[in-house]
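S.K.:
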Amino acid sequence: MPPRPLRDIDTVALQAEFADVDAWIFDLDNTLYSADLRLFSQIEARMTGYVQRLLGVDAPEADRLRAHYWREHGTTLAGLMAHHGIDPETYLAEVHDIDFTALTPEPALAEAIRALPGLKIIHTNADSAYAGQVLARRELAVFDAIHGIGEVGYHPKPDPRSFAAVLEAHRLDPARCAMFEDDPRNLEVPFSLGMRTVLVGAGRHGPDELAEDHSHGSHILWHTRDIASFVAALAAALADVADSGPTLTTAEARS
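Convert by adding 40 to the 1-based position in the sequence shown; the result is the number in the working numbering.
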């Protein structure tokens, strides 16, 4: 069954799917802001420059290596650490030194996330300092914890160790968690663990030459291009659970 798009949202289905969720885990880049802002394009350009200087190669070769490491290791950083032993903190400080002007506050998203019942967590392959800057620009001071790449032992999503670190830090039951993410690859492990999975955005991710549409994988339960509207609808549905009596099971709601 394909994932439910935003237009198919109904209160009963949301209650059935998410009523027992008490931990909400959000990716950061291209999830809590639109990929159309092209903030990550700035980061990718700085990654390319870093690889050029590190290895003494031209821009096309640096882009090729960056894409290769992303494919094979989950992130360019992980590949550079594995093959070239770089210092991750120096790298992260350099590639995240970007212009944040395009990021603006989104009070509707902040209100919607705040209304979700339970723990709200950021889980990003970026570092926590950068995540804090993004959240500040978006005025999303609604999260209980930020798990950047350093907090998960520099194991990037989709490495299972990355997810395990977040779950263990908060003693979470994955069956009571939901994961919001723009990269379809990074929803495979959460789905296998029993999390509710929500793909945000177009379903295309990665360097342009690798970007493919994976938005209809069986590991994706829901798909929205409008995270603020989706989370608002979700929070409203869950607010009604206590007054609406027993909810249908997920299977019943989808039948």
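Positions of the beta carbon are idealized from the N, C-alpha and C atoms, including for glycine.
Out of Arg177, Pro224, Gly193, Leu239, which one is the CA nearest neighbour of Asp267?
M.R.: For the purposes of this step, residue 267 is taken as the residue at position 227 of the sequence shown. Checking the sequence, you will find Ile at residue 267 rather than Asp. Ranking the options by Cα distance to Ile267, first place goes to Leu239.
S.K.: Taking 8 Å as the threshold, find out whether the segment 180-199 comes into contact with the segment 86-104 through three or more Cβ pairs.
M.R.: No, they do not touch.
S.K.: Going by other Cβ atoms of all chains shown within 10 Å of its Cβ, with 16 needed for buried, is Ala275 buried or exposed?
M.R.: Residue 275 sits at position 235 when you count from the first residue of the sequence shown. Label assigned to Ala275: buried.
S.K.: Check for me: the beta strand (DSSP E) holding Val240 runs from which residue to which?
M.R.: Translated into the one-based positions of the sequence shown, residue 240 becomes position 200. Per DSSP, Val240 belongs to the beta strand (DSSP E) from 236-240.
S.K.: Is the separation between the beta-carbon of Val182 and that of Lys160 shorter than 8 Å?
M.R.: Mapped onto the sequence shown, residue 182 falls at position 142. Mapped onto the sequence shown, residue 160 falls at position 120. Cβ atoms of Val182 and Lys160: closer than 8 Å.
S.K.: Suppose the cutoff is 7 Å on Cβ atoms and the five residues either side in sequence are ignored; what does the same chain contact list for Asn70 look like?
M.R.: Here residue 70 corresponds to residue number 30 of the sequence shown, with the count starting at 1. Only Phe80, Asp222, Gly241 meet the Cβ criterion.
S.K.: In terms of residue numbering, what span does the beta strand (DSSP E) encompassing Ala205 cover?
M.R.: Sequence index remark: in the sequence shown, residue 205 carries index 165 (1-based). Run containing Ala205: none in the beta strand (DSSP E); it sits in the alpha helix (DSSP H), 200-210.
S.K.: Who are the Cβ neighbours of Ala272 in its own chain at under 6 Å, not counting the five residues just before and after it?
M.R.: Here residue 272 refers to the residue found at position 232 when the sequence shown is read from its first residue. The answer, listed in chain order, is Ala152.
S.K.: Does the structure place the segment 215-231 close enough to the segment 55-63 that three or more beta carbon pairs sit under 8 Å?
M.R.: These segments touch.
S.K.: Would you call the segment 104-112 and the segment 225-232 touching, i.e. three or more CB-CB distances under 8 Å?
M.R.: Cβ pair count under 8 Å is below three, so no.
S.K.: Please report how far the alpha carbon of Leu117 lies from the alpha carbon of His263, in whole angstroms.
M.R.: One-based indexing of the sequence shown puts residue 117 at position 77. One-based indexing of the sequence shown puts residue 263 at position 223. The straight-line gap from Cα to Cα measures roughly 28 Å.
S.K.: Leu143 and Leu77 look like a contact to me (Cβ under 8 Å); what is the Cβ gap, rounded to whole Å?
M.R.: Within the sequence shown, numbered from 1, the residue matching residue 143 stands at position 103. Within the sequence shown, numbered from 1, the residue matching residue 77 stands at position 37. With a Cβ gap of about 7 Å, Leu143 and Leu77 count as contacting.
S.K.: Return the CA-CA distance between Arg225 and His113, expressed in angstroms with no decimal places.
M.R.: Residue mapping note: residue 225 aligns to position 185 of the sequence shown, counting from 1. Residue mapping note: residue 113 aligns to position 73 of the sequence shown, counting from 1. Each residue's alpha carbon lies about 12 Å from the other.
S.K.: Opposite Ala218 in the DSSP bridges: which residues?
M.R.: In the sequence shown, the residue the question calls residue 218 occupies position 178. Looking at the DSSP assignment, Ala218 forms a beta bridge with Trp64, Arg236.
S.K.: Please classify Leu132 as buried or exposed, where buried requires at least 16 neighbouring CB atoms within 10 angstroms.
M.R.: Residue 132 sits at position 92 when you count from the first residue of the sequence shown. Buried: at least 16 other Cβ atoms inside 10 Å.
S.K.: Residue range of the alpha helix (DSSP H) that His123 falls in?
M.R.: Counted from its first residue, the sequence shown places residue 123 at position 83. First-last of the alpha helix (DSSP H) with His123: 116-124.
S.K.: Between which residues of its own chain and Gly158 is the CB-CB distance below 6 Å, once the five residues before and five after are set aside?
M.R.: Start at 1 with the first residue of the sequence shown, and residue 158 comes out as number 118. Closer than 6 Å at Cβ, skipping near neighbours: Asp62, Ala63.
S.K.: Just checking my contact of Asp103 with His136 at CB under 8 Å: how many whole Å lie between their CB atoms?
M.R.: Counting from 1 along the sequence shown, the entry for residue 103 is found at position 63. Counting from 1 along the sequence shown, the entry for residue 136 is found at position 96. The pair is not a contact, with the Cβ atoms about 19 Å apart (cut-off 8 Å).
S.K.: Going along the chain, which residues of its own chain have a beta-carbon closer than 7 Å to the beta-carbon of Ala150, five neighbours each way excluded?
M.R.: Position 110 of the sequence shown, counting from 1, holds the residue named residue 150. The residues are Glu179, Leu180, Val182.
S.K.: Look at Ile186 and Ile162 and say whether their C-beta atoms are less than 8 Å apart.
M.R.: The count along the sequence shown starts at 1 and reaches residue 186 at position 146. The count along the sequence shown starts at 1 and reaches residue 162 at position 122. Yes; because the gap between Cβ atoms is below 8 Å, this pair is in contact.
S.K.: On the CB-based measure, 16 or more other CB atoms within 10 Å of its CB, does Arg211 come out buried or exposed?
M.R.: Mapped onto the sequence shown, residue 211 falls at position 171. Exposed, by the Cβ-count rule.
S.K.: Please state whether DSSP places Thr289 in a helix, a strand or coil.
M.R.: Walking along the sequence shown from the start, residue 289 turns up at place 249. With a pLDDT of only 47 at Thr289, under 50, the local geometry of the prediction cannot be trusted, and the value read off the model is given with reservation. DSSP places Thr289 in coil when its eight states are reduced to three.
S.K.: Leaving out five residues before and five after Asp184 in sequence, what residues of the same chain have Cβ atoms less than 6 Å from its Cβ?
M.R.: One-based indexing of the sequence shown puts residue 184 at position 144. So the list reads Leu159, Lys160, once near-sequence residues are dropped.
S.K.: Look up Ala185 in the DSSP assignment and say whether it is helix, strand or coil.
M.R.: Taking the first residue of the sequence shown as position 1, residue 185 is located at position 145. Looking at Ala185 - three-state DSSP - the assignment turns out to be strand.
S.K.: Is the distance from the Cβ of Phe220 to the Cβ of Gln173 below 8 Å?
M.R.: For the purposes of this step, residue 220 is identified with residue 180 of the sequence shown, where counting begins at 1. For the purposes of this step, residue 173 is identified with residue 133 of the sequence shown, where counting begins at 1. Cβ distance not < 8 Å, so Phe220 and Gln173 don't count as in contact.
S.K.: Output needed for Ala155: all residues of its chain with C-beta closer than 6 Å, excluding positions within five of it in sequence on either side, in chain order.
M.R.: In the sequence shown, residue 155 corresponds to position 115, counting from 1. Result list for Ala155: Ala275, in chain order.
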